[in-house]
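S.K.: In our numbering, each residue carries its 1-based index in the sequence shown increased by 392. Beta carbons: idealized from backbone N, C-alpha and C, even for Gly. First, the structure itself, so that you have it in front of you.
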Amino acid sequence: MPETRRGTGEAEYGHLALAVADINWVTTESLFRAIDRQSVSILALRCMDYRNGWRRGIYPWSSSCRPRPWGNNSLTRDMVLPSGWMKRFPRLGMRPIAKAIQGFWNHGDPRARRGLVLTYPHYLYLRDQLGPEITLYYNIDDYALYWPRHAEKVRCLERQMVLGANATICVARYRADELRAAVPEAAEKIHHLPHGTPAAFLADEPNHRPASAPEDIADLPRPLLGYVGSIGPRVDWPLMKRLSEAFPQASVVVVGEEPHISRHREPWFRDWAAEFSVQPNVHTIGWRPQAELPRYFQAFDVILIPYAQDNRFNRACSPTKIMDGLGSGRPIVATAIPECRLYSHLFDVAENAGEF
């Protein structure tokens with residue numbers, strides 16, 4: 393929307409120079425990569441500490457740590473930062489990020505409005521260093537659950553973030569309602585906007601029948617009951633075991649990276665490794681690149697969203713599987729976590745194991 397530059401007396405000018413901190417989540421990356429407007433230039437940052445960078449083969453001298461094209465009129469770069477840059481030493485840790493964003497703004501159109509998208513409460517320190525004209529807080533989780541020992545500090549930072557932002561976007565309605573209750577004076581600026589899905593996940597036409605399966609699952613007996621996602625504590629593995637036993641003629645397909653053996657002491661690991669994954673009709677095929685996932689969604693007879701209803705993270709989440717699955721045109725069966733309940737008119741939402 394065209395805006396008048398503050399104090400310039402110039403005619404309305406609509407260009408926006410938007411910096412995004414950060415795009416570590418693939419859903420955030422997909423969202424901002426899809427923006428293709430001449431009136432918007434983007435700098436998308438992927439921020440990480442040295443340890444996480446090294447695990448991914450990214451070092452401060454890597455080519456990805458320099459600005460590079462990221463679609464029309466946009467740039468991206470990785471930033472490898474000292475350990476503790478976000479939570480322990482945020483004022484110091486944000487300085488390299490602020491410098492990168494300031495450089496992006498300074499080298500762009502001098503008339504453009506300077507916008508900042510922030511994805512964690514701790515980026516409040518970055519906002520204060522930069523003083524953008526427009527701030528968007530993009531909330532994709534209940535971050536206090538990530539750092540329970542510092543939950544009160546996280547909530548305090550988040551409250552300040554919401555108060556100061558031009559708008560707060562929550563991907564889960566549950567979180568939008570929580571923030572409206574926590575910051576009532578900013579309630580009108582808090583909006584629910586669920587995760588979308590990349591265009592590649594949209595079927596060309598309604599899929600009343602499953603598409604041909606990828607080669608690695610083409611020979612499995614149908615029906616194919618498929619789950620795509622992380623293998624961890626957020627999935628109700630006892631429910632999945634019960635499903636595999638209830639439909640012995642079906643193939644239960646899990647697309648996701650298998651958990652490392654170091655997690656064997658976690659309670660869910662036994663449910664996964666010793667109870668569910670050993671079932672004769674369960675097929676765990678491992679991680680697949682994002683670009684290949686649409687073929688699996690469209691090939692499944694039924695898409696599963698079997699999230700544990702008693703998991704705190706699940707109450708505040710917006711599963712990407714919802715829109716990915718709807719885009720495929722295939723039937724979906726989900727457990728009754730809050731965000732899935734919003735779509736009970738579009739797919740089956742089970743309140744208990746028997747319904748599932």
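1. In the segment 507-549, which residue ranges form an unbroken alpha helix (DSSP H) of at least 4 residues, counting only runs that do not cross its ends?
2. In three-state DSSP terms, what is Cys562?
3. Given this structure, state the Cα-to-Cα distance separating Asn465 from Thr419, to the nearest angstrom.
4. Under three-state DSSP, which class holds Thr589?
5. Please tell me whether Leu696 has its Cβ less than 7 Å away from any Cβ of chain D.
6. Roughly how many whole angstroms lie between the Cα atoms of Thr589 and Gly500?
7. Pick from Asp716, Phe496, Tyr699: whose alpha carbon is nearest that of Phe692?
8. With burial defined as no fewer than 16 other Cβ atoms inside 10 Å of the residue's Cβ, what is the status of Pro613: buried or exposed?
9. Which same chain residues end up closer than 6 Å to Gly721 when comparing Cβ atoms and leaving out the 5 residues on each side of it in sequence?
10. For Glu395, which of helix, strand or coil comes out of DSSP?
11. On the premise that Ile493 lies in contact with Ala411, defined as a C-beta separation below 8 Å, what is that separation, rounded to the nearest angstrom?
12. Secondary structure at His600, three-state DSSP: helix, strand or coil?
13. For the candidate residues Trp629, Gln641, Lys545, whose alpha-carbon lies nearest to that of Arg662?
14. Cutting at 7 Å between CB atoms, please list the residues of its own chain near Met486, excluding the five before and the five after it.
15. Here's the rule: buried if 16 or more other CB atoms are within 10 angstroms of the residue's CB, otherwise exposed. What is Val646?
16. How about Gly719 and Phe593: do their beta carbons lie closer than 7 Å?
17. Please name the residue in Gly406, Asn498, Cys439 whose C-alpha comes closest to that of Asp414.
18. Suppose you measure from the CA of Leu585 to the CA of Ala665; what does that come to, to the nearest Å?
19. Spatial neighbours of Gln690 within its chain, please: CB distance less than 8 Å, with the 5 preceding and 5 following residues excluded, ordered by chain position.
20. Give me the DSSP bridge partner(s) of Thr727.
21. Taking its Cβ as the centre, do 16 or more other Cβ atoms sit within 10 Å of Ser643, making it buried, or is it exposed?
22. Between the C-alpha atoms of Trp417 and Trp497, what's the straight-line distance to the nearest angstrom?
23. I need the DSSP call for Cys757, collapsed to helix, strand or coil.
24. Helix, strand or coil: which one does DSSP assign to His499?
25. Spatial neighbours of Tyr530 within its chain, please: CB distance less than 6 Å, with the 5 preceding and 5 following residues excluded, ordered by chain position.
M.R.: Per the coordinate set shown:
1. Within the segment 507-549, complete alpha helix (DSSP H) segments of at least 4 residues are found at 516-522, given in chain order.
2. Looking at Cys562 - three-state DSSP - the assignment turns out to be strand.
3. Using only the alpha carbons, I get a separation of about 20 Å.
4. In the structure shown, Thr589 adopts coil according to DSSP, grouped into three states.
5. Judged by its chain identifiers, the structure shown contains no chain D, having just a single protein chain.
6. It is roughly 30 Å from the alpha-carbon of Thr589 to the alpha-carbon of Gly500.
7. Ranked by how close their Cα comes to the Cα of Phe692, the residues Asp716, Phe496, Tyr699 have Asp716 in first place.
8. By the neighbour-count rule (16 or more Cβ atoms within 10 Å), Pro613 is not buried but exposed.
9. For Gly721, the CB contacts under 6 Å within the same chain, skipping 5 residues up- and downstream, are Ala595, Pro598, Asn599 in chain order.
10. Low per-residue confidence applies at Glu395: pLDDT is 38, beneath 50, and the placement is therefore not dependable, though the value from the model is reported in the following sentence. DSSP places Glu395 in strand when its eight states are reduced to three.
11. Yes, they are in contact, since the Cβ atoms of Ala411 and Ile493 sit about 4 Å apart, within 8 Å.
12. DSSP places His600 in coil when its eight states are reduced to three.
13. The option with the nearest alpha carbon to Arg662 is Trp629.
14. Within the same chain, Met486 has close Cβ partners Tyr517, Leu518, Gln521.
15. Buried, by the Cβ-count rule.
16. Yes, they are a contact pair.
17. Each of Gly406, Asn498, Cys439 was checked against the Cα of Asp414, and the nearest Cα belongs to Cys439.
18. Those two C-alpha atoms are separated by around 36 Å.
19. Setting aside the 5 residues that flank it on each side, Gln690 is surrounded in the same chain by Ala595, Asn599, Pro602, Ala603, Ser720, Gly721, Arg722, each with a C-beta closer than 8 Å to its C-beta; the list follows chain order.
20. Paired residue(s): Ala742.
21. Residue burial annotation: Ser643 is buried, with at least 16 other C-beta atoms found within 10 angstroms of its C-beta.
22. When the Cα atoms are used, Trp417 and Trp497 turn out to be separated by approximately 24 Å.
23. Because the chain is modelled from 393 through 748, residue 757 falls outside the range shown and cannot be assessed.
24. Reduced to three states, the DSSP call for His499 is helix.
25. Correct list, in chain order: Val509, Thr511, Ile561.
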